[in-house]
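Report on the structure given below.
Residue numbers (full-length UniProt numbering): 1 to 419.
Quick look at the structure:
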């Protein structure tokens, strides 16, 4: 009698298991027909019996649920997070499930990244942080965690940013990646390709030349810089200093870390140490234009525009066709326009206001004339940079150079047609 009861019990469990499998299959079929809500209905019917099945079937259930929620999400914040959570649960139950659901996971990645970018563009940094962290929990790609931390910084959620940055440091994350690049034969611009094969095919087509393998810059310096700045912002200068000392001791010749250390010293008001570190950076490779360019970027970030221009000019001495340095000098010079334009727009129509307007207009034109040679040199190097063309068009218009204005306008209109 006991044996019969046992057998009957086993039969019941098996029947439940097969019943659940049937509902999952129905859900999978509905997903293939893009009937995502119908798929979720089948899965809801199967869910009460989850406790009776093995981890492999549970993983199948959660992965299918993730795929169905994703299909119905339409960029909805909560649904995207729910889809990510379902996939995360599935992978924790059966790590091999990601091979079966590779396409769905790739779709999840694309949808979350696109939605996070929309959030960033709208300056909605908290939902962007949440999406990218949810993606990280599924992908375990530290790059996703890095971008989640960056959004947390932009959203002033410093506790979350510090937590994520510390996780990255604990993992030994640097962000250094290999890139397969080649140069566009027409524009002269360097382009990165997704793989060596894609790069080689582009070169064989004759449209690209100079194939190379490059490594991206380390992100560790930026991570440490952001962490130290957060600590400084919170008044914890001791922790900021300790963190930087430990990092520099580990990698004393890391240029990115040296820049971060200089940045921290500047923020703490230690100008002597700031200058000392800058001299060390220059001494490490005095004939490298990239060094001076990066120092220019750092100086600009700190609001020291005069110093930044000096570094960019030094980079140009070593590399006269350094497009980035030319553009950045022009940007820094044109930044002085902002206050003038603001005042010009605030003036009325009185005689005194009109006189002041003309004075400001002359000052503005003087600034534009100072920036113009750098933009024109940049244009000669790369005539396909739409932003440079647009800026030149505006300046020529302000200066009354109609022929050059019309030339740049025609080029800019052509760029817009190609978008």
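Ideal Cβ placement from N, Cα and C applies to all residues, glycine included.
These numbers come from a predicted model, not from an experiment.
1) Between 395, 263, 390, which has its C-alpha nearest residue 366's C-alpha?
2) Applying the criterion that 16 or more other CB atoms from any shown protein chain within 10 Å of the CB defines a buried residue, is residue 265 buried or exposed?
3) Would you report the Cα separation of residue 231 and residue 123, rounded to the nearest angstrom?
4) Look up residue 101 in the DSSP assignment and say whether it is helix, strand or coil.
5) Measure how close the beta-carbons of residue 360 and residue 340 come, nearest whole angstrom, since I'm counting them as under 8 Å.
6) Would you mind reading off the limits of the beta strand (DSSP E) that contains residue 214?
7) Looking at C-beta atoms only, is the number of pairs between the stretch 168–178 and the stretch 212–231 that lie closer than 8 Å three or more?
8) Looking at the strands, I want to know which residues DSSP matches up with residue 191.
9) Using alpha carbons as the reference points, say which of 369, 245, 414 lies closest to residue 400.
10) In whole angstroms, what separates the C-alpha of residue 410 from that of residue 393?
11) Would you say residue 165 and residue 234 are within 9 Å of each other, going by their C-beta atoms?
12) Taking the Cβ atom as the reference point for each residue, do residue 334 and residue 311 lie within a distance shorter than 9 Å?
13) Helix, strand or coil for residue 223 per DSSP?
14) Can at least three beta-carbon pairs, one atom from the stretch 338–352 and one from the stretch 369–382, be found at a separation below 8 Å?
15) So, under 8 Å CB-CB, residue 412 and residue 389 are touching, yes? Tell me the CB distance rounded to an integer number of Å.
16) At a cut of 8 Å, does the stretch 91–108 reach the stretch 57–70 through at least three beta carbon pairs?
17) Along the chain, where does the alpha helix (DSSP H) that runs through residue 129 open and close?
18) Would residue 262 and residue 222 be called neighbours here (beta carbons separated by less than 9 Å)?
19) Tell me which residue opens and which closes the alpha helix (DSSP H) that residue 77 is part of.
20) Determine whether the beta carbon atoms of residue 80 and residue 58 lie at a separation below 9 Å.
21) In its own chain, which residues sit with a C-beta less than 6 Å from the C-beta of residue 150, not counting the 5 before and 5 after it?
22) Between the alpha carbons of residue 75 and residue 224, how many angstroms are there, rounded?
23) Out of curiosity, what's the CA-to-CA distance linking residue 226 and residue 35?
24) Suppose you measure from the CA of residue 402 to the CA of residue 372; what does that come to, to the nearest Å?
25) What residues in its chain sit with their C-beta under 6 Å from that of residue 209, if we drop five residues either side in the sequence?
26) Would a C-beta distance cut-off of 9 Å place residue 278 and residue 308 closer than the cut-off?
27) Please go through the stretch 219–273 and give each complete alpha helix (DSSP H) segment of 4 or more residues, from N-terminal end onward.
28) Short of 8 Å in beta carbon distance, which residues of its chain neighbour residue 243, apart from the five on each side in sequence? Order them along the chain.
29) Report yes if the C-beta distance between residue 43 and residue 24 is below 9 Å; otherwise report no.
30) In chain order, what residues of the same chain have a beta carbon less than 6 Å from the beta carbon of residue 126, not counting five sequence neighbours either side?
31) Report yes if the CB atom of residue 104 is closer than 9 Å to the CB atom of residue 147, and no otherwise.
32) When the Cα atoms are used, what is the spatial distance from residue 269 to residue 275?
Per the coordinate set shown:
1) 395
2) buried
3) 23 Å
4) coil
5) 5 Å
6) 208–215
7) yes
8) 182
9) 369
10) 9 Å
11) no
12) no
13) helix
14) no
15) 5 Å
16) yes
17) 125–139
18) no
19) 77–93
20) no
21) none
22) 33 Å
23) 45 Å
24) 15 Å
25) 183, 185
26) no
27) 220–233, 237–250, 255–267
28) 224, 227, 228, 231
29) yes
30) 155
31) no
32) 11 Å
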